[in-house]
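To keep things clear, I will list the structure first and then write my remarks on it.
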Amino acid sequence: MDLTPGGKLDLRGTVVDTALWASIRASATAPDGTVRLGRCWFENATFEGVALNGVRFDGDVSFDGARFRGPTTFFGAAFTGHVSFHRARFLGNVSFFEARFGRHVCFTETSFEGDALFTGAVWESDASFQSAWFGGAADFDHSAFHRDALMQDAHFRSVLSFRRARVGRHLLLDRARFRDRAWLGPLTAGGRLGLDASRAARSVKIDAVASSVTARDAVFRTARLRLPGTPADLTSLTAQELVVEAASALLPGVTSTRTALHALHLDSCGFASADSPDLGELSLSGCTFAGGAPGEAGQDVSDLYLGLAAASDDPGQARALRYRALELRRKSEESRWDRAMLALCWATSGYGLRAGRTAATATVLAAVLIVAIVVVSATTGHPVNRLAHHG
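Numbering (my numbering), first residue to last: 1317 to 1707.
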């Protein structure tokens, strides 16, 4: 152990109380007043309410299996090497306010029994919280991840907050468990924001700009997604209430008791599939629908489009959706007679929803009637005006 500024420190299995830590800080303080430590081993150590504020760790640091009793603070600490808190336990509140991590950071299977505050922290490489357990609030507001933030299989028993956060690549919360609310944004992510197979007992609110957002097979009580310019894949998601505003959204297999879709391109939603969504109490606002050819016909899909038409706030869009529904029914009708009648209705009037086609058909019928009258008149020798008023 080298108790000089930048020296190595080995406290494996040691109980570090405030008195011991004060002496270490005094010995490791550089002339500029900065506490500097080099390579450090703190595996299975016990920290008794110590403050590591402003410490600069110039080498790799391992806190694997360490225990932190009482409140612990890392205000403004700087880690230039790799850092590992694998299976560490924070028994009280811990704060990494404006801490800076220069290399890979590992909090895998770490237990935070109090609040865990990473407000304003900067992560210059990957940060892993996979299978971590958060008993109190988990605050990542105003934090910046230059690469990946990995939180797969993490458990959050209190509020999770990522307000005003930035992630260079992926923010992954796949298979995470949320007992309380999750506030994911407003944030930006260069890659995927993932919540596949995650579970939330209360509300999940996502306000993000990312390359994509996925919540496949997720189960939420309430999900509110505001994703301007971002595509979302919500395949087989289940929610009591679902609100989606996105550039596009895949919704096959979605089940929701109350659903509101805002500013979506409905053609991208994957409605025309065998696994159509079940969207209860549906409302649409500001959505667009081009009405391209359906990918697959079926009565269930046809009923879904009729439901979309009833929920739309745009009369023109509602007509397009009803037309799509009748097209699906025509192509899936098993009865040859019913299929022929629907085909005739489509050809002559566009199911009564195509004004131009109806007018053209009426014009043709009128022309045919006039020709017939002229022919009858010529055949019988009666003038047309007498025939028209005959009788």
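Glycine included, C-beta positions come from ideal geometry on N, C-alpha and C.
- Measuring C-alpha to C-alpha distances from E1414 to each of R1405, F1401, F1461 and S1378 identifies F1461 as the nearest.
- In the structure shown, the three-state DSSP call for L1566 is strand.
- For A1338, the uninterrupted alpha helix (DSSP H) run begins and ends at T1334 to S1343, by DSSP.
- Annotation for S1599: the continuous beta strand (DSSP E) segment containing it runs L1598 to S1601.
- If you draw a straight line from the Cα of D1629 to the Cα of T1551, it is about 25 Å long.
- In the assembly as shown, P1568 is a buried residue. Its beta-carbon has 16 or more other beta-carbons within 10 Å.
- For F1445, there is no enclosing beta strand (DSSP E), as DSSP marks it with neither H nor E.
- Per DSSP, P1321 lies in no beta strand (DSSP E) segment and is marked neither H nor E.
- DSSP places R1542 inside the beta strand (DSSP E), whose first and last residues are V1535 to D1549.
- Between G1506 and V1483 the beta-carbon gap is near 7 Å, inside 8 Å, which marks them as a contact.
- The continuous beta strand (DSSP E) containing H1578 extends over residues T1571 to H1578.
- Burial of S1459 is indicated by the presence of at least 16 other C-beta atoms within 10 angstroms of its C-beta.
- About 5 Å separates the beta carbons of V1617 and L1644, which is inside the 8 Å limit, making them a contact pair.
- In this structure R1372 is buried. Its beta-carbon is surrounded by 16 or more other beta-carbon atoms within 10 angstroms.
- Straight-line spacing of the CA atoms in V1529 and G1510 works out to 6 Å.
- When the beta-carbon positions are compared, L1598 and V1570 stay at least 8 Å from each other.
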